[in-house]
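With the first letter of the sequence shown counted as 1, position 68 gets the number 650 in the numbering used here; the numbers rise by one all the way through.
Please read the structure below before turning to the comments.
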Amino acid sequence: MPSRAGAPGPSGAEHAGGAREKTTGDVRIACQGRSVRTEEKPCGRYGQREESGHVNGQGRLAGRVALVAGATRGAGRAIAVQLGTEGATVYVTGRTTRARRSEVDRPETIEETAELVTAAGGTGIAVPTDHLEREQVRALTERVDREQGRLDVLVNDLWGGEHLIDFGKKMWEIGLERGLRMLRLGVESHIVTSHYALPLLIRRPGGLLVEITDGTTETNKDYRESLYYDLAKYAPLRMALGLGTELEEYGCAAVSVTPGFLRSEQMLDHFGVTEENWREGVAKEPSFAISESPVFVGRAVAALAADPEVARWNGQSLASGQLSRVYGFTDTDGTRPDAWRYIKEVTAGGREADDAEYR
583 MPSRAGAPGP
593 SGAEHAGGAR
603 EKTTGDVRIA
613 CQGRSVRTEE
623 KPCGRYGQRE
633 ESGHVNGQGR
643 LAGRVALVAG
653 ATRGAGRAIA
663 VQLGTEGATV
673 YVTGRTTRAR
683 RSEVDRPETI
693 EETAELVTAA
703 GGTGIAVPTD
713 HLEREQVRAL
723 TERVDREQGR
733 LDVLVNDLWG
743 GEHLIDFGKK
753 MWEIGLERGL
763 RMLRLGVESH
773 IVTSHYALPL
783 LIRRPGGLLV
793 EITDGTTETN
803 KDYRESLYYD
813 LAKYAPLRMA
823 LGLGTELEEY
833 GCAAVSVTPG
843 FLRSEQMLDH
853 FGVTEENWRE
863 GVAKEPSFAI
873 SESPVFVGRA
883 VAALAADPEV
893 ARWNGQSLAS
903 GQLSRVYGFT
913 DTDGTRPDAW
923 RYIKEVTAGG
933 READDAEYR
């Protein structure tokens with residue numbers, strides 16, 4: 583849900599294409615009594631271990647393997663951590679490492695994400711990967727196969743095109759290479775990753791593909807300025823529908839999931855606030871009152887991954903607020919923000935309402 587002022591999109595992440603990573607190693611962090619290969623300490627923002635009550639592999643996803651493609655920050659990082667909270671082994675990928683930043687030039691790294699996954703009760707494995715480089719993605723999936731022999735959950739949270747969005751411009755006024763790069767970052771990266779990872783996912787029934795996007799099928803039926811952004815955020819909806827059809831015969835499922843107004847690291851910086859005082863941003867943008875932390879969508883994906891009846895959602899477009907009502911989880915403040923209903927009824931519909939009705 584990007585701001586017309588140019589704020590980042592919903593995932594607040596960047597994970598495909600652009601600057602090449604020279605680092606090829608990984609980070610395996612076990613912060614509870616085992617060795618840690620860094621002096622940096624994982625922050626507590628994403629490791630919501632206390633709500634689940636699961637510690638060190640005893641969660642609902644113990645023994646399961648997930649790949650979160652695009653887990654450097656934002657929604658991807660929170661999804662990885664919440665899968666870890668449930669005991670999963672989580673491979674986290676992205677372009678920004680402690681050795682090098684991507685073109686987005688943010689400080690968050692995939693090594694930090696891996697540490698947070700492990701601190702939350704799972705096993706985090708960071709693998710620097712440019713998901714537009716096919717051989718890197720092939721090597722990634724071969725490594726998962728070699729080390730784990732299975733893949734239960736694939737999350738495509740690949741984006742990183744916020745800095746390329748041009749609001750207020752017609753398609754022909756936007757540089758062609760700039761626009762096409764948005765499509766590579768937001769669409770091609772998802773296709774490349776699915777091409778190499780899905781053959782591993784379908785080996786066992788129950789596998790789940792999650793396409794992270796901005797908006798639902800209902801909200802995205804209207805034009806999402808600009809054209810390139812519109813296409814980049816609608817494509818994952820179609821991928822979930824199409825791949826859900828193709829995965830069904832293997833007993834696997836695909837869904838698309840969108841957060842609402844996401845308080846990613848980039849969004850907090852845009853409003854000049856922190857997660858602790860985020861409500862001060864409402865003075866700049868009233869709709870920020872119904873924003874949600876990244877943990878909310880993380881819990882949504884973890885709930886789907888742990889649901890033995892997840893096939894009931896196959897091919898569907900889902901939202902974090904919608905899933906919170908089904909599975910009973912909340913955001914970190916105990917509320918259930920429903921940004922898309924707010925947009926439909928208040929922003930677009932003109933209804934006068936208290937923001938609290940949508941939290």
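All residues carry an ideal CB built from backbone N, CA and C; glycine is no exception.
The beta-bridge partner set that DSSP reports for Pro710 consists of Gly676.
The residues Ala651, Val709, Thr711, in chain order, have a CB closer than 6 Å to that of Thr675 in the same chain once the five nearest residues on each side in sequence are set aside.
Cβ atoms of Thr798 and Ala901 come within 8 Å of each other, at about 6 Å. Residue environment analysis places Met753 among the exposed positions, since fewer than 16 neighbouring C-beta atoms fall within 10 angstroms of its C-beta.
Between Arg785 and Arg732, the C-beta spacing is below 8 Å. Shown here for Thr929: same chain residues with a beta carbon closer than 7 Å to its own, the five before and five after excluded, namely Ser869 in chain order. Pro689 counts as exposed, since fewer than 16 other beta carbons sit within 10 angstroms of its beta carbon.
Spatial neighbours of Arg646 in its own chain (CB-CB distance under 6 Å, excluding positions within 5 residues in sequence) are listed in chain order as Ala670, Asp734. In the DSSP secondary-structure assignment, Thr840 is bridged to Ala901. Within the same chain, and ignoring the five residues on either side of Leu809 in sequence, the residues whose Cβ sits closer than 6 Å to its Cβ are Met753. For Glu793, the enclosing beta strand (DSSP E) stretches over residues 790-794. Nearest to Ser873 by C-alpha distance, out of Gln898, Val892, Glu847, is Glu847.
Taken through DSSP and simplified to helix, strand or coil, Thr695 comes out as helix. Inter-residue distance for Leu886 and Gly932 is about 33 Å (C-alpha atoms, whole angstroms). The alpha-carbon of Ala938 is positioned some 40 Å away from that of Leu829. DSSP places Leu649 inside the beta strand (DSSP E), whose first and last residues are 647-651. In the DSSP assignment, Val663 falls within the unbroken alpha helix (DSSP H) covering 656-667.
Inter-residue distance for Gln664 and Thr917 is about 17 Å (C-alpha atoms, whole angstroms). Within the DSSP bridge table, the entry for Glu874 names Leu844 as partners. Its chain contains Trp860, Ser873, Ser875 as the residues whose beta carbon lies nearer than 6 Å to that of Arg845, once the 5 sequence neighbours on both sides are disregarded; these appear in chain order. Taking all protein chains in view, the Cβ of Gly880 is crowded by 16 or more other Cβ atoms within 10 Å, so the residue is classified as buried. Nearest Cα to Arg923 within the set Leu746, Ala814, Gly842: Gly842. Counting along the chain, no alpha helix (DSSP H) covers Leu733, and no H or E run does either.
Closest option to Arg659, judged by alpha-carbon separation, among Gly854, Gly703, Asp739, Thr723: Asp739. Beta-carbon to beta-carbon, Met764 and Tyr805 are separated by about 15 Å, too far to satisfy the 8 Å threshold. At the C-beta level, Gly788 and Gly757 stay beyond 8 Å of one another. DSSP places Met764 inside the alpha helix (DSSP H), whose first and last residues are 758-765. Distance check between Phe853 and each of Val837, Ser838, Ala871 places Ala871 closest, using alpha-carbon atoms only. Ranked by Cα distance from Glu697, the options Glu724, Ala662, His713, Pro781 are led by Ala662.
In the displayed model, Ala835 falls within a strand according to three-state DSSP. With a beta-carbon spacing of about 5 Å, Trp895 and Val837 fall inside the 8 Å limit used to define contacts. By the neighbour-count criterion, in which 16 or more other beta carbons inside 10 Å mark a residue as buried, Glu693 falls on the buried side. Secondary structure of Thr705 (DSSP, three-state): strand.
Thr671 is bridged by DSSP to Val647, Thr705.
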